[in-house]
Structure formats: C-alpha cells, structure tokens
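Asker: If you scroll down you'll find the structure; I have some questions about it.
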Amino acid sequence: MRINCHAHIFNLQSVLTTRTVGTFINRLAEIKMPDFLLKILTEQLKALIDRVDDYTDEEVWMRGLIKKIKESGQFGAIKGALTDNDFLDLKIHGADLLEDLAIGKLEGFFNWLGEQLQDWDDDAHDVTIWDVVDFVRTGLQPSVRQVTQSLMEQLEPDSGVVALMMDITKDGSEEELFERQTANTSKMVLAYPGRIFPFFAVNPIREDHLGLMTTALEKRGFVGVKLYPSLGYAVDSQQMRKVYDYCVLNHVPITVHSTNKGFRFDGTSGDNADPEHWETILGKDEYHNLKVCFAHFGGDQAFVREEIPGGTWTAKVVDLMKRFPNVYADISYHTAAMGSAKKAERYLANLRKLVVNPKLSQRILFGTDFFLVRARLKEDSYWNYYEALLEDIFQPMATRNPVEFLGLPAEGAETSPSIINYVQFVYEHRDKIESLPTAWLLAEIKRIYGEETEIEVPGLGPEWNWSRDSHYRTWSFMVDGHIPPPDNSEERFAQAGLLAMRSMNYWNREFEYKEIWLQKLDDMAERFDSYLLANDIAPRAGYEDGSRRLALLKKAFDQRDLPLYKLAKTVEPIYRFDEEA
Amino acid sequence: MKKIIALLIILTLPGVALGAVKEQAPKASLAYHLKPALLEQPSAGSFMGGLDFGFKASYRLASSPAKTYRRSAFGSFDLQGLLTTDSNHNPRPITVSLGAGGAINLSGPKIAERGPRPGTEIIKQKGFYYGRASGSLDVGYETDQAGDNRNFIVGAKLGYVFTQPTSWYQDFIPSFVAAYDYVDIDKSQMQEQLGADDGDYQRGMVAASWKFRIGHYGRLPEYLTGLSLHFDLRFYHDFNRSAAIEDADKDQAHYFACSLNYTFKKALWGNTLTGIYLQFNDGRIPPATDDDTQVFLGVILWQGTIGR
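Protein chains in written order, with our numbering: chain A, 1 to 581; chain B, 582 to 889.
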C-alpha cells in the first residue's frame, strides 16, 4: 500500500471566512503568477467571501474570473500586442457567452490565455494560469467529499492518504465551520475505509482544542494531529504540552508545518514554524517517543543547492532527525527541482546522502500537499515525477516508512493505539461504510472482533450509497411507482442502484407510438425536477433554466440501459445536493 | 382564406397560452439530426440510400414555477423528413410545421427526508399523481420527395400519459395521443391516378398503449418479475374522402400489436442481450399501404455505454 503522507481534503468553504480570507490571499501571493492575475484572483476571492453564506460553485466563480480578466487593462495590452486578433476576438467574444460554457471549454480558455502570457511574461514560465485556476477550482468544490473524490480518482485503488485538516482562525470563533470540516473529514474514513487517515488540526487559539482533539482521535476516526504554528501560536507552551502529553501516551503521530512559506496569522507568525523550537520539547525525556513529522522538510530550496546549507530549516530538521529517534520529515510541495535537470540532480544527491544514513532512511516520508500543490502541478504528475526521479529510494518513502509513522500493523510491531481507535471507529460505523475496507483493515477487524466478523458493503460502494444525498433523492423519486418490486422494498436499496431504466415501470419505448413515449419522457423529467425542487434541492449555477434541466433529464430517462446509480451521477452536476448533511 | 385563419390561430395561441400559466423567462432550445439511412426497396428487391434529417426549434413560452400541477406552454418550428436516392420509393413525407401548445402535469411531489437505514425515509407530505395531459395546435405543409403529393395541414393534438402505476389495476390506464388534421390538398397525383377529386378532407389518428407488469402480479418467483404484456393500438381514419379513395382502401388504417416481453435485469451473453419478446401484430401503419399479420420473436440488444 502506497501512502501519501501529506494531503488536504477540506474545501475552501470549510476554512474561508471574512476573517480568514486574508490568510489565504497571502498564501496565494506566494504562487508565481503575473501581478494583474493575482490582483484579479484576490478580488474574486474577496467577492466570494462576501457571499459566504450563499453557495457559489466553481463554474460561476471561473466565469466571473474570465470576465474580470477580459476587463483588465493589462489584458488589453496583451491583446494589442498580438497579431492574430481575429482568433483573440473569437475567444473574447466567448466570454460573453459563458452561460453555456462547460468546464472543459473554460480550461481551454485558460490554457490559451496561459500560452499568450508565457510569451508576454517569462516570469510565469513555471506555472500555467490553468494550474492556479484549477487549484482554486478544486478548493471551490461544494463539499469535502468532492475534493476527496477528485484526489482518490487520481490514485491507484490501494493507495492511502494522510488527510491533514486546517484550522485557520483568528480568535477561535467559526466553531460551526470547524465542526463541519471535522465531521466531513471523519465521514471520508467511512467512504474509503483503510485508505484515508485523517489528522486533526489543533490550534490552541481555539479554547476547547484539547477536548475536540481527544474526541476526534478516540471517537471520529482521526489517527494523528496536524499543527500549523504559522497560524499564530508557539509550539512550546503549557497548552501545547498537554497535546504532546496525550500524543506520546497514545502513540499519536504529529505532523507540523515547517517551511517559511504557507499560511500565516500575521507578518511574524511564520517564525513559529522554525524547527529549532522543537529542540527543547524533544529534548525532554517524557517526549523521547513523541512522533513528529516536519512537513515539507523545512522547505525545498536547500535541497537544490550543492549541499544542504547549515542553519537552514532543512538542516535543522536533519539535525533533529539525527538526534531524536521519532522525528520524521516529508517531501511534500517540493517543486524547486522541477523544470531544471541540474536542480533535479542536486535534489536527488542531497536526498540520497540522507537516505544512506540508517538513522534517517526509515523516517523520510512521501507526500504531495494535495490540493495546494495543484497550483503547480497535478497530483498524479507529482507522484510520477518523484517515482522516476528517486527510483529505488521512492518505494520505502511511500510504503514502509508511512506504515511505521502511522503505527499501522506490521510484522514485529504492535498496531498503535490510535490505529486501534480507527479500526474501532470503522467497525462501530460498519453500517455506514461506503466501500470495501482495505485488506489490512479487514484483517485488523477480524483480529480484534473475531475471525467470523463480516463487513457488509453495498455492491457499488461510494457510487451508490445511502449517505449520498444525490443517491437517496434519486432512489426516493423512483421508488414510488417506478422501481418494480421486490427491489422497491426497504432492504433492496443496494440492488436498486443496479437496475437499468429498462426495468422501470415507465419503460415502454419499444412497444408504443413514438409521440406517446416522448410525452412520457416529459412527464418523468418534469416530475423528477419538481420533486427535487420541492425538497429544496436547488439547481446549480448554469442550470437555473428549467428547459435545460429537463432536456438533460429526458435524455437520461431515454437511456434504456442506464442504471439508477448512473442516473444519480447524471443529476449531480445539475442540482445542488446536500452532500454535507 | 382557411389557411390565413389557421395561421392567425397559430399566431395568437402563444398569447392565450401565456395567460394560462405564470410567466417565467422564455427560453429557446434547438434540436437537429442528420443521419444516413439504408432502406429496403421491396418492389426492386434491393436497397437504397437515404438521409434522415430533422430540425426542431422549441420556444418555451412559459412555465409555472409551481411544483404541483406543473404547467408549460411552448411554441415550436419543426422540419423533418427523409431524402432517398430513389424519390419514387421514399416512404416518408417531408413536413414543415409551426405549432403551439401546453401541458399540465397532474402531480405533486412528496416531501421526504432520508431515514436512518438504507431504503427508509420519513414522508413529511405525500405526493400525488394522475398523469400528464397536453394539447397543441399545428399548421404545416407536407410533401413527398418528388413533390407529387402536397398538402397544407392545420391540426390539433391531445395527449395523455401515465407513467407511475402503484397497483395492478392502474396498469389499465392507457397512455394515448389523438390528433385531428384538416388537410387542404395542394396537389395529389394519387387522386389524379384514382380519378378522384376530394378537395379538402379531414383525418384523425388515435394511438394508445398499455403495459401490464404481469411479472409482479400475485406471488410469482423473482426471476419472473421481468415479464410484461404490452398493447399498442393505432387507428387512422380520413373523413369526407371520395368513393374511389375508400374503394382503394386508402382512407383508413389500423394497427394492433400485442407483445409478451421479458426484460433481463442483468444483460446476458456478455452484456449484449437485455430483452426478448414475442409479438403478434395486425394491420398497417401509414404510409404502408398493405395490411399484414405477423407473429415473431424479437430480441433487444444492449444500448448502454461501456464502463461505470
């Protein structure tokens, strides 16, 4: 099992408020892009926050972005400098017809725009505009579930992910928002049991952080703790000692942000992430066994120098790793080597020097920093890049080392208490799991609860699951007079997902006058639409026009072999289902 | 004059329809198709090539925002037909028409919440369903490919469909379409050949269908639940035709089909066979000119897409 030890599955709605948007915008400023685009992105994010209580989906946001880009003076300058104005006009004209533009076309627009800017501004060579836009777009997904889905779709079926929460807060308010992020992250354990390993975000600015952390670790499927000191707190404090006390006692691993980039509470809070603050903590006997992973390895810049320079955060992390047996580091968001053969060579050489040291080789972890790293490249590209570059040293970083860090069952080692809690959480919520647990998890369940223990999983897993609002609503509409018996009975929900339209009561296309059939399709489409609207499932942006919705529904109901679970999939992009309920 | 009156009716209908339902932003939609066809040429015992085309522009004049008794009114322009390499044997006319109509969905959705266990829900408000009714008026022009038989048409159409049977006796509720056209002959080679001169005439059409889910009646084994019985009835009748036309049996046609169908829940033969049926049919569907009686076994092949 390969594990990405550093990823995020929260969506921006989980963390962005009027108080926190500034922190996010500062983070955005670190991404290399033309100034005018940064300005527009910033304005658009602020506009997004002004409507924080309303849903704004990624397509609407992107359309707004295109319009702003089109209106900007700098863009006019680019336009003037180009010779192929007819082509440009065509593209610009497209911006006025955005109503019908799908994501694919928007992607095309941004790729094209990126190409134009590349000629105009060489500084933007290492990041395309589409990278930046797609990064924000991923974050704008309407739910944690959809962000997770977009990650899992890029991974191999047996890959795992450490999902790090984020608690961007100025004063500990936004409790509801934070609770939603916690709850929805917890649900993903049941959606992908044995593959998602959530780390709870501790932020001592939040008064009840210790209680929340304990509950998350003991009752909600969390297996580790994420610290982000740049968000405005010191790692060495009375409050934090209590966190470490709990973690060391229960073998809970901690991942701490350790680069001078990233989110910041204010101008000086970045220093809180300096690894040297950990010397006194880890030097204490009681914290000798505290597992701490320094995320980003202190930053990637030191790795592309001839030698890792002394005094850098990376050097400090290496020093901590040599001195303390339970200190780890991950190579997430390491993009400095990309695009330069010389830098890649230096990066590899420096990393190899560390790996040959037996004290360190088992404590370097692979991570990507999904979806924040999307601002630079796609998740699968990141995996592919490092797999090719690191060759033989990649596998241990992505397989053996994460197992030890997380305390997963392994030969000769006891499963850690935090993983035992995880197993217990899955077992106790076995009626809500959405896909087959991984082999290691099934084995642990049987070991703890007896060999005869069976975990029943709906045949289609997350593709047809009772906890999904779109799936429940599709079933709820069809079960009244459309799904034939016995599949309309209570215990047949799972089987109903596989039933095709040809088995539904309304289906009679082959045996009647075409005009009658077309009117039946109208009937089905109108009633499904009315059912969803009456149950407060509003259309998504771009689908406010009823005739557009009805046309898509009619097309779906006319597909003889379309199974019910695919009908649910068809309506997901059209309506705003409450996937967070 | 009659044509002008008909045109006026069509042009004023949108206003009437608008008054009948609450206004929402009008929206247009376009649909078109262009596809090659290969047709059997029975008399020559060979095949001919063809081009099936269609273009339909619909304009949603209004749609009620209400979720119960949802209503809609629409206007449409429709052009469709078939062009073949041998125009004398083209079985389908080319038609162009302008229409307007409305529909009402005699239903109200339930309000429900997900229950604690899969397959359970909490009903907060029951829904109801009595079917969907529609009506439209059309004016148009139809011609065969050679232009030898051409008509002006003014017609009305009524429709009713029922898709949600919740008990066995509701299977007896038919879905039907009934149309009545006033036909003003522009040119008729057929009449000339028969020595008839009808001038204007009217024609009516009724099509109805039933689906009896016999696999669900009683306590049949589960593997029989895919069994269903289907009836398809169509009746075409021209009024005020001359004796020559009647004698040539060109003034009316009927078609009746009864099919015993079995739908496979899971497709067979490597996911290719999804249904099998035994059909008896009698009569003809215009423009076919000869009645026929057939009994045959049909199969329905998989029409889905690959992958989940």
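Glycine included, C-beta positions come from ideal geometry on N, C-alpha and C.
#1: I need the straight-line Cα distance from H277 (chain A) to Y575 (chain A), nearest angstrom please.
#2: To the nearest angstrom, how far is the alpha carbon of F265 (chain A) from that of M504 (chain A)?
#3: For the alpha helix (DSSP H) holding S150 (chain A), just list the boundary residues, first then last.
#4: Label P486 (chain A) either buried or exposed according to how many other C-beta atoms from any shown protein chain fall within 10 Å of its C-beta, with 16 as the threshold for buried.
#5: CA-CA distance, T701 (chain B) and L351 (chain A)?
#6: For E99 (chain A) and L498 (chain A), what's the separation of their Cα atoms in angstroms?
#7: Using DSSP's beta-bridge definition, name the partner residues of D863 (chain B).
#8: Buried or exposed, going by whether 16 or more other CB atoms sit within 10 Å of the CB of P157 (chain A)?
#9: Using three-state DSSP, classify W313 (chain A) as helix, strand or coil.
#10: Taking its Cβ as the centre, do 16 or more other Cβ atoms sit within 10 Å of A834 (chain B), making it buried, or is it exposed?
#11: Where DSSP assigns a beta bridge to E723 (chain B), which residues make up the other side?
#12: Any C-beta of chain A sitting closer than 8 Å to the C-beta of G616 (chain B)?
#13: What does a CB cutoff of less than 6 Å around V304 (chain A) pick up in its chain, not counting 5 residues either side in sequence?
#14: The beta strand (DSSP E) that contains A789 (chain B), what's its start and end?
#15: Which residues of chain B have a Cβ atom closer than 9 Å to the Cβ of P573 (chain A), listed in chain order?
#16: What does D523 (chain A) reach in chain B if we use C-beta pairs closer than 7 Å?
#17: Answer with yes or no whether the minimum CB distance from R651 (chain B) to chain A is below 8 Å.
#18: For T844 (chain B) versus R502 (chain A), is the C-beta distance shorter than 8 Å?
#19: Beta carbon of N730 (chain B): closer than 7 Å to some heavy atom of the ligand ATP?
#20: Exposed or buried, A612 (chain B), counting other C-beta atoms within 10 Å across all chains shown (16 or more means buried)?
#21: N401 (chain A) by DSSP, collapsed to three states: which one?
#22: Which residues in the same chain have their Cβ closer than 6 Å to the Cβ of G283 (chain A), if we skip the five residues on either side of it in sequence?
#23: Under 8 Å: do the segment 438-452 of chain A and the segment 239-246 of chain A share three or more Cβ pairs, one atom per stretch?
#24: Going along chain A in order, which residues have a C-beta closer than 8 Å to the C-beta of Q884 (chain B)?
#25: In chain A, which residues lie less than 8 Å from T855 (chain B) when you measure between Cβ atoms?
#26: Using a Cβ-Cβ distance under 8 Å, would S547 (chain A) count as near chain B?
#27: Give me whichever residues DSSP pairs with A681 (chain B) in a beta bridge.
#28: Just confirm the distance between the C-beta atoms of Y761 (chain B) and A737 (chain B), as a whole number of angstroms; I'd bet it's less than 8 Å.
#29: Check the Cβ-Cβ distances between Q875 (chain B) and every residue of chain A, and say whether any is below 8 Å.
#30: Buried or exposed, going by whether 16 or more other CB atoms sit within 10 Å of the CB of G311 (chain A)?
#31: Under a three-way DSSP split, which group does M188 (chain A) fall into?
#32: Along the chain, which unbroken stretches of the alpha helix (DSSP H) at least 4 residues long are found entirely within the segment 448-484 of chain A?
#33: Go ahead and pull the three-state DSSP assignment for R695 (chain B).
#34: So, is the C-beta of P325 (chain A) closer than 8 Å to a C-beta in chain B?
#35: Quick check for students: name the residue ranges of the beta strand (DSSP E) that lie wholly in the segment 216-249 of chain A, counting only runs of 3 or more.
#36: Which of helix, strand or coil does DSSP assign to P325 (chain A)?
Answerer: Quick answer:
#1: Rounded to whole angstroms, H277 (chain A) and Y575 (chain A) show a C-alpha spacing of 49 Å.
#2: Going by the C-alpha atoms only, they are around 56 Å apart.
#3: Start and end: V144 to M152.
#4: The residue is exposed, with fewer than 16 neighbouring Cβ atoms inside 10 Å.
#5: Taking the straight line from one Cα to the other gives about 56 Å.
#6: Confidence is the limiting factor: at E99 (chain A) the pLDDT is only 42, short of 50, which leaves the residue's position unreliable, though a coordinate-based value still follows. Those two C-alpha atoms are separated by around 34 Å.
#7: By DSSP's assignment, D863 (chain B) forms a beta bridge with B:F837 and B:T874.
#8: Flag for P157 (chain A) reads exposed.
#9: DSSP places W313 (chain A) in helix when its eight states are reduced to three.
#10: Around the beta carbon of A834 (chain B), 16 or more other beta carbons sit within 10 angstroms, so the residue counts as buried.
#11: Answer is B:T676 and B:N732.
#12: Note that residue 616 (chain B) is Lys in the sequence shown, not Gly. No, no contact with chain A.
#13: Cβ neighbours of V304 (chain A) beyond the five flanking positions: A336, A337, K343, R346 and Y347.
#14: The continuous beta strand (DSSP E) containing A789 (chain B) extends over residues Y782 to F793.
#15: Within 9 Å Cβ-Cβ: nothing; P573 (chain A) doesn't reach chain B, min ~17 Å.
#16: The answer, in chain order, is N686, R713, V742 and T744.
#17: With 8 Å as the cut-off, R651 (chain B) counts as an interface residue toward chain A.
#18: Taking 8 Å as the Cβ cut-off, T844 (chain B) and R502 (chain A) qualify as a contacting pair.
#19: By its list of ligands, the structure shown contains no ligand whatsoever, and the ligand ATP lies outside what it can speak to.
#20: It counts as exposed.
#21: Of the three classes helix, strand and coil, the one that applies to N401 (chain A) here is helix, per DSSP.
#22: Annotation for G283 (chain A): no residue places its beta carbon closer than 6 Å to its own, counting only its chain and skipping 5 residues before and after.
#23: Judged by pairs of C-beta atoms under 8 Å, the segment 438-452 of chain A does not touch the segment 239-246 of chain A, as fewer than three such pairs exist.
#24: Within 8 Å Cβ-Cβ: Q559, R560 and D561.
#25: For T855 (chain B), the neighbours in chain A by C-beta distance under 8 Å run, in chain order, A500, R502, R560 and D561.
#26: It does: the Cβ of S547 (chain A) has a partner Cβ on chain B nearer than 8 Å.
#27: When DSSP reads this structure, A681 (chain B) sits in a beta bridge with B:G656 and B:L718.
#28: Their Cβ separation, rounded to whole angstroms, is 5 Å, which keeps Y761 (chain B) and A737 (chain B) in contact under 8 Å.
#29: Not an interface residue.
#30: Counting the other CB atoms within 10 Å of its CB gives G311 (chain A) a total below 16, which places it among the exposed residues.
#31: Residue state, collapsed to three classes: helix.
#32: The segment 448-484 of chain A is shown to contain whole alpha helix (DSSP H) runs of 4 or more residues at 469-479, in chain order.
#33: R695 (chain B): strand per DSSP, three-state reduction.
#34: No, P325 (chain A) lies away from the interface with chain B (no Cβ there is under 8 Å from its Cβ).
#35: If only uninterrupted beta strand (DSSP E) runs of at least 3 residues are considered, those enclosed by the segment 216-249 of chain A are 224-227.
#36: Residue state, collapsed to three classes: coil.
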